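Just below is one structure, and these are the notes that go with it.
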Amino acid sequence: MGRCCVLFESPDKSAVVIDIPRSIEEAQVLPGQQGIERRLVSCSPIGEQWATPEPRNGDIQITATPPSAAIAELMTLETARTALDGVRSSHAGPWCLSRVLARRQAGGVGDENKDSSRKRKQTVLVGSDEEEVIPEPARQRRHGQPDPHAVNNPSPPFVAPFIPEQSHYLLGSIASQREAFLRTAPQFDLIVLDPPWPSRSAKRKKRGGYSTAYGMREAGELLSQIPVASHLKRDGLVAVWVTNKAAVTDILTSPGGIFSQWGLEPVGEWIWLKITASGDPVVDMESRWRKPWERLLIARKIGSSARLSSHAKVILAVPDVHSRKPSLRGLFKDILPDDYVGLEVFARNLTAGWWSWGDEVLRFQHRHHWVESKGHE
């Protein structure tokens, strides 16, 4: 498979450069195993910063930010900036690895050649806000021979997704799978959640991604259904991806909030700083309207001895297709036991040795998201 997904790590492990597609590829096999045979279809790495027009005074009414949220934002900014400066001074390598690129829609200029059929099999449309896979017109049999009955068939036969070794999944909503989870799931060392937080931009999407909650109340009700308290080990950790909206953090950390309901206390946070292929933040770090980072709030059971490093970890990574996050499995290996067991809720792909739960849990396991690694090293 070639290089590891970790392209750089500072001596104190406070900053790490991760290749997102490779991290997911590595998560398809158990830790320490070799022989990753497939590459994940991705979009082109971002080459330049995104344009983020700043509204002129009077164009938009500025919503007051609570002082505590403003201070937290400044601390995140300073932590991210310090990490980026430190990595730039020490890292001479690439900021991402080569990718198996998603093709433009078939039929465009230059497609009409002898390889056009092969290219169409990997065709993916990638927009700024959504991603759609165009199915292959003819699925391949297990041994690589075309299925003559599938050609021009408007309903191609089911092709099983890739299922990593020792992975378990619950395909369905939180409500529909909660009883099955309570009956069958073990206790976990790590529970990762990427909730469908309310988002104006997400509501505009026509397809793709989990259905976002209509508001914070609905988001809280959804999270409260997840039986975290009964399925987290005594010294386990819970990690929740959050947006930069202060209300999202509040719903988790405020008195009586979700962490309190789950019997947890905050223990730290990590920052994903989104960068371009040249190592610049995807937007100006001091933009008032859009931030180049997402945060991961980490909590432990009240009274637990579980600890993180005294400093926040900054993950620097070039974004991939919409909704795809870096795999966190390898980043917790120095914190949790060697054979730790993880659960990902609202997952979009599977991880070897982990449990995964969500109504899109197999989204990126389907075969049209992968190609054989030979020739794509």
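Per the working numbering, the sequence shown starts with residue 14, numbered consecutively. We treat Cβ as the ideally placed atom computed from N, Cα and C, and that holds for glycine. Quick caveat: nothing in here was measured; it's all calculated off a predicted structure.
Please state if the CB of Ala93 and the CB of Met229 are separated by a distance shorter than 8 Å. Within the sequence shown, residue 229 is the residue found at index 216, counting from 1. Within the sequence shown, residue 93 is the residue found at index 80, counting from 1. No, they are not a contact pair.
Could you name the residues that DSSP lists as bridge partners for Leu203? What you label residue 203 is simply residue 190 of the sequence shown in a count that begins at 1. DSSP, once it has assigned bridges, lists Leu250 and Gly355 as partnering Leu203.
Beta-carbon proximity list for Asp124, same chain, < 6 Å, skipping 5 on both sides: The sequence position of residue 124 within the sequence shown is 111, counting from 1. Confidence at Asp124 is low in this model, with a pLDDT of 36, below 50, so the placement of that residue should be treated as unreliable; the coordinate-derived value is given next. No residues qualify anywhere along the chain.
Just curious, the alpha helix (DSSP H) that Pro34 is in, first and last residue? Residue numbering aside, residue 34 sits at position 21 when the sequence shown is read from its first letter. Start and end: Ile33 to Glu39.
Option in Trp210, Ala360 and Gly371 with minimal Cα separation from Gln339: Locating residue 339 in the sequence shown gives position 326, counting from the first residue. Reading the sequence as shown, one finds Pro at residue 339 and not Gln. That would be Ala360, whose Cα lies nearest to the Cα of Pro339.
Using only CA atoms, which one of Phe201, Tyr227, Leu310 and Arg35 lies nearest to Val255? Counting from one through the sequence shown, the residue named residue 255 turns up at place 242. Considering only alpha carbons, the answer is Leu310.
Count the CB pairs spanning the region 286-297 and the region 238-256 that are closer than 8 Å, and state whether there are at least three. no
With respect to the beta strand (DSSP E) encompassing Pro279, which residues constitute its N-terminal and C-terminal limits? Position 266 of the sequence shown, counted from the first residue, corresponds to residue 279. Start and end: Leu277 to Lys287.
According to the Cβ coordinates, are Leu53 and Glu38 closer than 8 Å? Start at 1 with the first residue of the sequence shown, and residue 53 comes out as number 40. Start at 1 with the first residue of the sequence shown, and residue 38 comes out as number 25. Their beta carbons are under 8 Å apart, which means Leu53 touches Glu38 by this criterion.
Rounded to a whole number of angstroms, what is the C-alpha to C-alpha distance between Gly106 and Pro199? For this step, residue 106 is matched to residue 93 along the sequence shown. For this step, residue 199 is matched to residue 186 along the sequence shown. Spanning the two alpha carbons is a distance of roughly 41 Å.
Rounded C-alpha distance that separates Gln47 from Arg342: Here residue 47 corresponds to residue number 34 of the sequence shown, with the count starting at 1. Here residue 342 corresponds to residue number 329 of the sequence shown, with the count starting at 1. The straight-line gap from Cα to Cα measures roughly 16 Å.
Determine the closest residue to Leu363 out of Pro211, Ile31 and Leu43, with distance taken between C-alpha atoms. Mapped onto the sequence shown, residue 363 falls at position 350. Ranking Pro211, Ile31 and Leu43 by Cα distance to Leu363 puts Leu43 first.
Look at Ile59 and Ile328 and say whether their C-beta atoms are less than 8 Å apart. The residue given as residue 59 occupies position 46 in the sequence shown. The residue given as residue 328 occupies position 315 in the sequence shown. Result no, Cβ atoms of Ile59 and Ile328 do not sit closer than 8 Å.
Whose C-beta lies closer than 8 Å to the C-beta of Ile315 among residues of the same chain, with five residues either side of it excluded? Translated into the one-based positions of the sequence shown, residue 315 becomes position 302. If we look at Ile315 and ignore the five residues flanking it on each side, its Cβ neighbours are Gly276, Leu277 and Glu278.
So, are the CB atoms of Ala330 and Trp285 less than 8 Å apart? Stepping through the sequence shown from its first residue, residue 330 is reached at position 317. Stepping through the sequence shown from its first residue, residue 285 is reached at position 272. Against a cut-off of 8 Å, the Cβ pair of Trp285 and Ala330 comes out as a contact.
For Leu265, the nearest candidate out of Glu234, Ala83 and Cys109 (CA to CA): What you label residue 265 is simply residue 252 of the sequence shown in a count that begins at 1. For Leu265, the nearest C-alpha among the options comes from Glu234.
Beta-carbon spacing of Gln190, Ala365 below 8 Å: For this step, residue 190 is matched to residue 177 along the sequence shown. For this step, residue 365 is matched to residue 352 along the sequence shown. No; because the gap between Cβ atoms is not below 8 Å, this pair is not in contact.
Considering only the beta carbon of each residue, do Glu51 and Trp383 sit closer than 8 Å? Mapped onto the sequence shown, residue 51 falls at position 38. Mapped onto the sequence shown, residue 383 falls at position 370. Note that residue 51 is Arg in the sequence shown here, rather than Glu. Yes, they are a contact pair.
The beta strand (DSSP E) spanning His181 covers which residue range? Here the question's residue 181 lines up with position 168 in the sequence shown. His181 to Leu184 is the extent of the beta strand (DSSP E) around His181.
Apart from the five residues on each side of it in sequence, which residues of its chain come closer than 7 Å, Cβ to Cβ, to Arg380? Residue numbering aside, residue 380 sits at position 367 when the sequence shown is read from its first letter. Here the set comprises Val172, Pro174 and Phe175.
Would you decide whether Lys287 is buried or exposed? Buried here means 16 or more other CB atoms lie within 10 Å of its CB. Mapped onto the sequence shown, residue 287 falls at position 274. It counts as buried.
With distances taken Cα to Cα, identify the nearest neighbour of Trp108 among Ile204, Asp333 and Ile239. What you label residue 108 is simply residue 95 of the sequence shown in a count that begins at 1. When only C-alpha atoms are compared, the closest one is Asp333.
Between which two residues does the beta strand (DSSP E) carrying Phe194 extend? Numbered from its first residue, the sequence shown carries residue 194 at position 181. Element bounds for Phe194: not the beta strand (DSSP E) but the alpha helix (DSSP H), Ile187 to Thr197.
What residue range is occupied by the uninterrupted beta strand (DSSP E) comprising Glu385? For the purposes of this step, residue 385 is identified with residue 372 of the sequence shown, where counting begins at 1. Taken as a continuous stretch (DSSP letters only), the beta strand (DSSP E) holding Glu385 covers Trp383 to Glu385.
Select from Val354, Leu195, Ser81 and Ala260 the residue whose C-alpha is nearest the C-alpha of Pro211. Against the sequence shown, residue 211 aligns to sequence position 198. Out of Val354, Leu195, Ser81 and Ala260, Ala260 has the C-alpha closest to the C-alpha of Pro211.
Could you tell me which whole beta strand (DSSP E) segments of length 3 or greater appear in the region 286-371? 306-314, 326-330, 355-358 and 368-371
In terms of residues, what are the limits of the alpha helix (DSSP H) holding Arg16? Start at 1 with the first residue of the sequence shown, and residue 16 comes out as number 3. That residue, Arg16, is in no alpha helix (DSSP H); it is neither H nor E in DSSP.
Can you name the start and end residues of the alpha helix (DSSP H) that Ser55 belongs to? Counting from one through the sequence shown, the residue named residue 55 turns up at place 42. Counting along the chain, Ser55 falls outside any alpha helix (DSSP H), though it belongs to the beta strand (DSSP E) covering Arg51 to Ser55.
Rounded C-alpha distance that separates Lys346 from Glu91: As a working note, residue 346 is residue 333 in the sequence shown. As a working note, residue 91 is residue 78 in the sequence shown. Answer to the nearest angstrom: the Cα atoms are 26 Å apart.
Buried/exposed call for Trp370, threshold 16 Cβ in 10 Å: Position 357 of the sequence shown holds residue 370. Trp370 comes out buried.
Can you tell which of Arg320, Gly45, Cys17 and Ala28 has the C-alpha that lies nearest to the C-alpha of Pro34? Numbered from its first residue, the sequence shown carries residue 34 at position 21. The option with the nearest alpha carbon to Pro34 is Cys17.
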